[in-house]
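Engineer: Shown below is the structure under consideration.
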Amino acid sequence: MKLNRQTLSRFEAPIAKPTYEPCQIRQGIVHIGVGGFHRAHQAIYTEALLNHGEALDWSICGVGLRAEDKAMRDTLAEQDYLYTLFELGDTPDLEVRIVGAISGMILAEDGAQALIDKLAHHDIRIVSLTITEGGYCIDDSTGEFNADLPIIQHDLEHPDEPHSVFGFLLAALSKRRCEGLPPFTVMSCDNLPHNGAVTRKALLSFARLMDKELADWIDQNATFPNAMVDRITPMTSAAHKHQLKDRYGIEDAWPVVCEPFLQWVLEDKFVTGRPAWEKVGVQFTDDVTPYEEMKIKLLNGSHLALTYLGYLKGYRFVHETMSDPLFVSYIRAYMDKDVTPQLAPVPGIDLQAYKDTLIQRFSNKAIADQLERVCSDGSSKFPKFTVPTINQLIADGRNLDRASLVVAAWALYLKGVDERGEHYHIPDPRAAFCQSLVSEDHRIAERVLGVEEIFGTAIPRSAAFVASFEKNLRNLQTLGVEKTLAALLENTH
């Protein structure tokens, strides 16, 4: 049965459904970048409140800035903006839930002014973002806003017809200021260290290029809470859709599949109010830093450590790497010996138990999390997830072999062929540039590690790291993944 408002009443337990009517809710949040993660995370927390009869003025209006967002808008609109959350895992208490927290979606391509007006409307008090790690226009080599990007230059020249997220935010904030309205809270939900501070820096840098008085007003009045977000959300496959239809009779053109685990740690800095998310499991804190360091270095960093090695070996799913004892031993050693010594105590968290949970989550066969998803955008992920760990290892004079293997595996992965001889494409906006770095084996370390916006300056200057990288790359090319891992585990401590 196709999912829409007309068929909603015909779906029965164990399928959970909205307990509220569309006429009861009003939009208070605009979310830019409606993908799987948003629909499995922030929207679910908001849905839980709506189902308790609370936060009825906090439903979500989705926004798509890219041409490819039209597919999501059209699919959701066809289903009256209902979609299914489909939890998959190894426990019996899994949830299948029809969600209605997203109550509309606007595309930038349908008209910039309509989107600016929506953002500037007095009902909108939070604008949240999932625009990927690379979407904040920050030069990772300097930590500064990159105003030279073509999309930013366009918006500086055409402020009434913006293309970038910052162009739209600034146009809307300018309109609110002129109308005597307070600013909205800008809330990043991306896997980015200090994501709120990064968002604030990017928006203020852009604003100062456009209107210094407006920038000062934003600086003094707007808020940008930092957040740590966590839920593994693989790409929805045709198999997932068939599974949902066969098991539960739901014909959903774009369900979201996720693991049962869900976490959100958030600073309570909201200039015009917020939903009472703490009632449905969100942890509010004065300082997100220890939580985000733990999550980004242990989960995201370990994901990168697994993904390129796994892809080269011929694996295509995260759980396949966890079925290989060598991979499990390697990733546990990386977590225990390389990352954990760098972490500050995390309030309320037992790090050993957290790492055990990560191994269980990575081993979730039912979710079938694709390595291709984790591989994607490596050039943007390395500076956030792995390079800080490596820099600290270098500074502390610690063993570099496990960490350098992560980078060596990425370099070999960029050649586009695995150990079985199977060719694949590189899912990275900078794929052509990255692949040019490895087109010849001669001086490959110099070319790869010398990309400052990815690896910074300490890594290429470390003779010990360069030597370790070259050794691991040579071993991967001559011995293969399995023997390289076995030798590394035998020889490192």
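Note that UniProt numbering numbers the sequence shown so that position 16 is 16, with each residue one more than the last.
Cβ atoms here follow ideal geometry from the backbone N, Cα and C, with glycine treated the same way.
#1: Cβ of Tyr334 within 7 Å of Cβ of Ala409?
#2: How is the beta strand (DSSP E) around residue 525 delimited, first residue to last?
#3: Decide if Phe381 is buried, meaning its Cβ has at least 16 other Cβ atoms within 10 Å, or exposed.
#4: In the segment 152-217, which residue ranges form an unbroken beta strand (DSSP E) of at least 3 residues, counting only runs that do not cross its ends?
#5: Let's test the definition: count the other Cβ atoms within 10 Å of the Cβ of Thr199 and tell me whether it reaches 16, buried, or not, exposed.
#6: Based on DSSP bridge pairs, tell me the residues matched to Cys258.
#7: One question on the structure: do Val34 and Met72 come within less than 7 Å of each other, judged by their Cβ atoms?
#8: Name the residue from Phe362, Ala197, Thr7 whose alpha carbon lies nearest to the alpha carbon of Val186.
#9: List, from N- to C-terminal side, the alpha helix (DSSP H) runs of 4 residues or more that fit wholly inside the segment 382-419.
#10: Quick one, are the C-beta atoms of Asp155 and Ser164 less than 7 Å apart?
#11: Measure the C-alpha to C-alpha separation of Val288 and Pro275 and round it to an integer number of angstroms.
#12: Name, in chain order, the residues that DSSP records as bridge partners for Asp230.
#13: Using the Cβ count rule (16 or more neighbours within 10 Å means buried), how would you classify Asn300?
#14: Please confirm whether Tyr311 and Val346 have their CB atoms less than 7 Å apart.
#15: Run through DSSP, which three-state label would Phe224 get?
#16: Identify, in the order they occur along the chain, each residue of the same chain with its Cβ nearer than 8 Å to the Cβ of Ala486, setting aside the five sequence neighbours on each side.
#17: Helix, strand or coil for Ser363 per DSSP?
#18: How about Ala202 and Tyr136: are their beta carbons less than 7 Å apart?
#19: Let's test the definition: count the other Cβ atoms within 10 Å of the Cβ of Ser439 and tell me whether it reaches 16, buried, or not, exposed.
#20: Please report how far the alpha carbon of Arg316 lies from the alpha carbon of Glu372, in whole angstroms.
#21: Just reading off the beta strand (DSSP E) that Val96 is part of, what are its end residues?
#22: Quick check on Ala172: buried or exposed, where buried means 16 or more other Cβ atoms within 10 Å of its Cβ?
#23: List the DSSP bridge partners of Phe284.
#24: Which value, in whole angstroms, describes the spacing of the CA atoms of Phe433 and Leu306?
#25: Excluding the five sequence neighbours on either side, which residues of its own chain have a C-beta within less than 8 Å of the C-beta of Glu95, listed in chain order?
#26: Are Leu488 and Asp401 closer than 7 Å when you measure CB to CB?
#27: Below 8 Å, can you find three or more Cβ-Cβ pairs linking the segment 55-64 to the segment 100-108?
#28: Alpha carbon to alpha carbon, how far is Gln6 from Gln24? Give it in angstroms, no decimals.
#29: What separation, rounded to the nearest whole angstrom, lies between the Cα atoms of Leu437 and Val448?
#30: How is the beta strand (DSSP E) around Leu107 delimited, first residue to last?
#31: Could you tell me which residues DSSP puts in a beta bridge with Lys2?
#32: Between the segment 420-431 and the segment 172-182, do three or more beta carbon pairs fall short of 8 Å?
#33: Please classify Glu21: does DSSP put it in a helix, a strand, or coil?
#34: On a Cα-Cα basis, can you pick out the residue from Gly281, Leu169, Lys295, Ile44 that is closest to Gln342?
#35: In this structure, does DSSP put Glu144 in helix, strand or coil?
#36: Do the CB positions of Asn4 and Asp80 come within less than 7 Å of each other?
Structural biologist: The relevant details are as follows:
#1: Counting from 1 along the sequence shown, the entry for residue 334 is found at position 334. Counting from 1 along the sequence shown, the entry for residue 409 is found at position 409. Cβ distance not < 7 Å, so Tyr334 and Ala409 don't count as in contact.
#2: Only positions 1 to 493 of the chain appear in this structure, which leaves residue 525 out of reach.
#3: Residue 381 sits at position 381 when you count from the first residue of the sequence shown. Just to set this straight, residue 381 is Lys in the shown sequence, not Phe. So Lys381 counts as buried.
#4: 185-188
#5: In the sequence shown, counting from the first residue as 1, residue 199 sits at position 199. When all chains shown are included, Thr199 counts as buried.
#6: Counting from one through the sequence shown, the residue named residue 258 turns up at place 258. Cys258 is bridged to Glu87.
#7: Taking the sequence shown and counting its residues from 1, the one referred to as residue 34 is at position 34. Taking the sequence shown and counting its residues from 1, the one referred to as residue 72 is at position 72. Yes, the Cβ-Cβ distance between Val34 and Met72 is below 7 Å.
#8: Translated into positions along the sequence shown, residue 186 becomes position 186. Here the closest residue by C-alpha is Ala197.
#9: 387-396, 401-413
#10: For the purposes of this step, residue 155 is identified with residue 155 of the sequence shown, where counting begins at 1. For the purposes of this step, residue 164 is identified with residue 164 of the sequence shown, where counting begins at 1. Contact flag set, yes.
#11: Along the sequence shown, one-based indexing puts residue 288 at 288. Along the sequence shown, one-based indexing puts residue 275 at 275. Roughly 19 Å between the two C-alpha positions.
#12: Within the sequence shown, residue 230 is the residue found at index 230, counting from 1. Looking at the DSSP assignment, Asp230 forms a beta bridge with Gln263.
#13: If you number the sequence shown from 1, residue 300 lands on position 300. With 16 or more other Cβ atoms inside 10 Å of its own Cβ, Asn300 counts as buried.
#14: Numbered from its first residue, the sequence shown carries residue 311 at position 311. Numbered from its first residue, the sequence shown carries residue 346 at position 346. No, they are not a contact pair.
#15: The residue you call residue 224 lines up with position 224 of the sequence shown. Reduced to three states, the DSSP call for Phe224 is coil.
#16: As a first step, residue 486 is located in the sequence shown; it is residue number 486 there, counting from the start. Answer for Ala486: Leu326, listed in chain order.
#17: Position 363 of the sequence shown, counted from the first residue, corresponds to residue 363. Correct three-state label for Ser363: coil.
#18: Locating residue 202 in the sequence shown gives position 202, counting from the first residue. Locating residue 136 in the sequence shown gives position 136, counting from the first residue. For Ala202 and Tyr136, yes; Cβs fall inside 7 Å.
#19: As a position in the sequence shown, residue 439 is number 439, starting the count at 1. The residue is exposed, with fewer than 16 neighbouring Cβ atoms inside 10 Å.
#20: Here residue 316 is taken as the residue at index 316 of the sequence shown, counted from 1. Here residue 372 is taken as the residue at index 372 of the sequence shown, counted from 1. Cα-Cα distance, rounded: 7 Å.
#21: Along the sequence shown, read from residue 1 onward, the residue named residue 96 stands at position 96. Val96 -> beta strand (DSSP E) spans 96-99.
#22: Sequence index remark: in the sequence shown, residue 172 carries index 172 (1-based). Ala172 should be labelled buried.
#23: Numbered from its first residue, the sequence shown carries residue 284 at position 284. Answer is Leu266.
#24: Stepping through the sequence shown from its first residue, residue 433 is reached at position 433. Stepping through the sequence shown from its first residue, residue 306 is reached at position 306. If you take the alpha carbons of Phe433 and Leu306, they lie about 23 Å apart.
#25: Residue numbering aside, residue 95 sits at position 95 when the sequence shown is read from its first letter. Same-chain partners within the cutoff: Ala16, Leu85, Glu87, Pro260.
#26: As a position in the sequence shown, residue 488 is number 488, starting the count at 1. As a position in the sequence shown, residue 401 is number 401, starting the count at 1. In this structure, Leu488 sits near Asp401, with a CB-CB distance shorter than 7 Å.
#27: yes
#28: Translated into the one-based positions of the sequence shown, residue 24 becomes position 24. Translated into the one-based positions of the sequence shown, residue 6 becomes position 6. Rounded to whole angstroms, Gln24 to Gln6 spans 17 Å at the Cα level.
#29: In the sequence shown, counting from the first residue as 1, residue 437 sits at position 437. In the sequence shown, counting from the first residue as 1, residue 448 sits at position 448. Distance between the alpha carbons of Leu437 and Val448 is about 6 Å.
#30: Working through the sequence shown from its first residue, we reach residue 107 at position 107. Under the DSSP assignment, Leu107 falls in the beta strand (DSSP E) whose first and last residues are 102-107.
#31: Start at 1 with the first residue of the sequence shown, and residue 2 comes out as number 2. Lys2 pairs with Glu251.
#32: no
#33: Position 21 of the sequence shown, counted from the start, is the residue given in the question as residue 21. Three-state result, Glu21: coil.
#34: If you number the sequence shown from 1, residue 342 lands on position 342. By alpha-carbon distance to Gln342, the top candidate from Gly281, Leu169, Lys295, Ile44 is Lys295.
#35: The residue you call residue 144 lines up with position 144 of the sequence shown. In this structure, Glu144 counts as strand in the three-state DSSP scheme.
#36: Working through the sequence shown from its first residue, we reach residue 4 at position 4. Working through the sequence shown from its first residue, we reach residue 80 at position 80. Yes, these two residues count as a Cβ contact at 7 Å.
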